[in-house]
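Below is one structure, written out as structure tokens; comments come after it.
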Amino acid sequence: MTNQLAVIATNRFGMGARDHEIRDAQSDPQGWLSTHLNTPVLDHSLPDSSVVMSQYAEFRSRKSAEKSGQKPGNQNAMMAPLRRTYFQLCSDTLTRSITSEYSFSWRLLDFFSNHFSVSAQGGLMTPLAPTLEREAIAPNLFGSFADLLIAVEKHPAMLVYLDNEKSIGPESRQANYLKKNSKKARGMNENLAREILELHTMGVNGGYQLEDIQELAKAITGWSVARPGKKEGHGFLFRERAHQPGQRTVLGKKYPDTGANQGEAILRDLAMHPATARYVSWKLARHMISDQPPATLVDTMQEQWLKTGGNLKEVITALIQHPLSWQIEQQKLKTPREFLVSVCRATDGLSPRKKNREQQSRILVNTLTAMGHKPFGAGSPAGFADVSSAWDGSDALLTRIDWANRWVESLKKRTDPLALADAILGQQTVSESRTIIRRAESRQQGLSLLLLSPEFMRR
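Each number in the numbering used here corresponds to the 1-based position in the sequence shown with 10 added.
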């Protein structure tokens with residue numbers, strides 16, 4: 011008899027069971043999940059943010075030459091390298107979440123990537139957005155939240171997305187120079203500071219004031235991005251001339267002017283604020299367990315956060331060790347990405363040949379777009395909605411049905427659907443669903459019915 015806790019481990023916490031994983035997790039589901047708490051492995055031969063910045067500089071150069079009449083150009087052709095990089099990076103993450111033996115770590119990467127949402131909109135952000143999770147989030151996924159927070163806020167994707175790379179302090183040396191020379195300064199931008207407080211740390215009801223946003227915004231003026239070809243290096247660059255001088259006061263605490271370190275000091279304190287511990291713990295529990303997570307579970311996670319200095323590995327361990335995380339009822343509807351990944355894991359449908367797999371992965375990225383879950387396509391710093399009601403509309407479900415039927419039709423291997431149900435869902439496949447699958451006219455139809463059953467669609 012299949013251990014129901016093993017089914018929960020692979021489907022609620024993991025990204026969906028493969029045919030052997032419930033068996034692997036059966037003796038110790040919590041211990042099995044603990045082995046997943048390691049940095050996800052990515053393909054680091056793919057373009058990073060510095061390459062993306064160079065690609066975009068080349069695009070701008072070619073576009074400028076076209077406008078001046080020096081060289082005719084085609085907009086789509088010029089954008090092709092940027093779009094190719096976007097698909098390469100998104101496909102790599104998607105493929106690895108499907109094939110990995112450690113799918114819980116990939117779910118956690120998805121969660122924090124959505125928590126620190128950036129959108130692939132416009133020429134530069136299209137390929138730059140996917141580099142954030144690869145360079146800032148994945149390496150810090152199981153360390154301190156403070157280190158993760160600082161890495162994210164200083165990453166080029168976040169700085170560009172929320173317009174901080176050109177934010178100039180009103181009394182900075184650069185602003186004074188522009189005033190003296192009768193040139194209009196761009197001024198200070200509060201976007202990043204606002205989202206740090208509202209979305210990334212304390213939450214909208216965390217107790218901060220407008221003055222705290224403004225003071226944080228001043229502290230991070232000068233946080234910018236190196237420009238290719240300017241001998242500035244690559245990645246984060248502190249432009250001291252653009253930094254607003256002086257002491258800052260955030261949440262009642264005074265921070266001396268220490269240049270770039272002033273903003274970092276504020277972020278470290280925000281990471282350990284009780285409101286941050288509460289808000290991020292609540293979001294993590296909501297993502298994993300229920301749209302309305304139990305308060306006692308969130309209490310335990312918050313206590314562990316404050317006790318361990320925001321150690322994410324310890325907070326996540328508190329989550330998976332809490333009995334309320336293991337309730338039998340499936341309370342979350344899978345998002346389109348979760349559904350697609352779990353289908354691919356269950357059916358082992360990716361091509362073993364790398365070339366074919368890359369083509370298939372690109373098709374899957376386009377499929378997510380059709381399902382309304384385009385990678386880095388939330389269009390808002392708030393990210394995609396993480397509640398079931400956002401994904402249970404009739405049109406959205408019809409799109410899943412259509413794709414699942416086409417996916418099953420494309421499979422070369424015709425697995426016995428009832429045997430697969432036992433392997434990936436165990437006792438969670440109720441008798442009604444088993445009867446429907448058993449009455450299917452073919453294995454292909456039975457497999458489609460399994461993948462579209464309530465037990466598979468939920469976690």
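Note that beta-carbon positions come from the ideal geometry of N, C-alpha and C, so glycine has one too. Source: prediction; values computed, not measured.
Rounded to whole angstroms, the Cβ separation of F386 and S129 is 6 Å, and the two are in contact under 8 Å.
Distances from the CA of Q85 to each of F97, S71 and Y96 were compared; the closest alpha carbon is that of S71. A straight-line Cα-Cα distance of about 18 Å links R448 and E419. Non-local beta-carbon contacts of N124 in its own chain, meaning distances under 6 Å to residues more than five positions away in sequence, involve G393 and F394 in chain order.
For F114, the enclosing alpha helix (DSSP H) begins and ends at S113 to H125.
In this structure, F121 lies near L294, with their beta-carbon atoms less than 8 Å apart.
Take I446, set aside five residues on each side of it, and the residues of its chain with a beta-carbon closer than 6 Å to its own are L459, in chain order. With fewer than 16 other beta carbons inside 10 angstroms of its own, Q337 counts as exposed.
Residue nearest to Y66 within the set D53, E339, A236 and M198 is A236 (criterion: CA-CA distance). For N321, the pairing in a beta bridge is given by DSSP as S154.
For V397, the secondary structure class from DSSP, reduced to helix, strand or coil, is coil. For K189, no beta strand (DSSP E) segment is defined; the enclosing uninterrupted segment is the alpha helix (DSSP H) at R183 to K190. The beta-bridge partner set that DSSP reports for K264 consists of T259. When secondary structure is reduced to three states using DSSP, L435 falls in the coil class, being assigned neither helix nor strand.
Closest in C-alpha terms to V62, from the list I326, D102, G133 and V51, comes G133.
Of all alpha-carbon atoms in W116, R94, D29 and Q131, the one lying nearest the alpha-carbon of A388 is that of Q131.
Within the model, the alpha-carbon separation for R94 versus G456 is close to 37 Å.
For W413, the uninterrupted alpha helix (DSSP H) run begins and ends at S404 to S420, by DSSP. Contact check for L119 and L151: beta-carbon distance about 6 Å, within the 8 Å limit, so the pair qualifies. In the structure shown, V61 falls within a helical segment according to DSSP collapsed to helix, strand and coil. Note on geometry: alpha-carbon atoms of S404 and G382 lie some 13 Å from one another.
In this chain, the beta strand (DSSP E) harbouring F246 covers F246 to F248.
The region 219-231 makes contact with the region 189-200; the number of CB pairs closer than 8 Å reaches 3 or more. The beta carbon of W417 is closer than 7 Å to those of V353 and G359 in its chain, skipping five residues each way along the sequence.
Shown here, S234 sits in a strand according to DSSP, grouped into three states. For R144, the three-state secondary structure derived from DSSP is helix. Shown here, R204 sits in a helix according to DSSP, grouped into three states.
For the options M298, I276 and S291, the alpha carbon positioned closest to that of E313 is the one of S291. Rounded to the nearest whole angstrom, the CA to CA distance from F248 to P238 is 15 Å. Annotation for S44: the continuous alpha helix (DSSP H) segment containing it runs P39 to S44.
The beta-carbon separation of L316 and H332, rounded to 16 Å, does not stay under the 8 Å limit for a contact.
Taking C-beta atoms under 8 Å as the contact rule, A19 and A356 fail to qualify, at a distance of about 15 Å. One Cα belongs to N271, the other to L188, and the distance between them is close to 25 Å. Taking all protein chains in view, the Cβ of I223 is crowded by 16 or more other Cβ atoms within 10 Å, so the residue is classified as buried. Closest by C-alpha distance to V375, out of P464, S107 and L407, is S107. If you check the CB distance, K263 and R469 do not come in under 8 Å.
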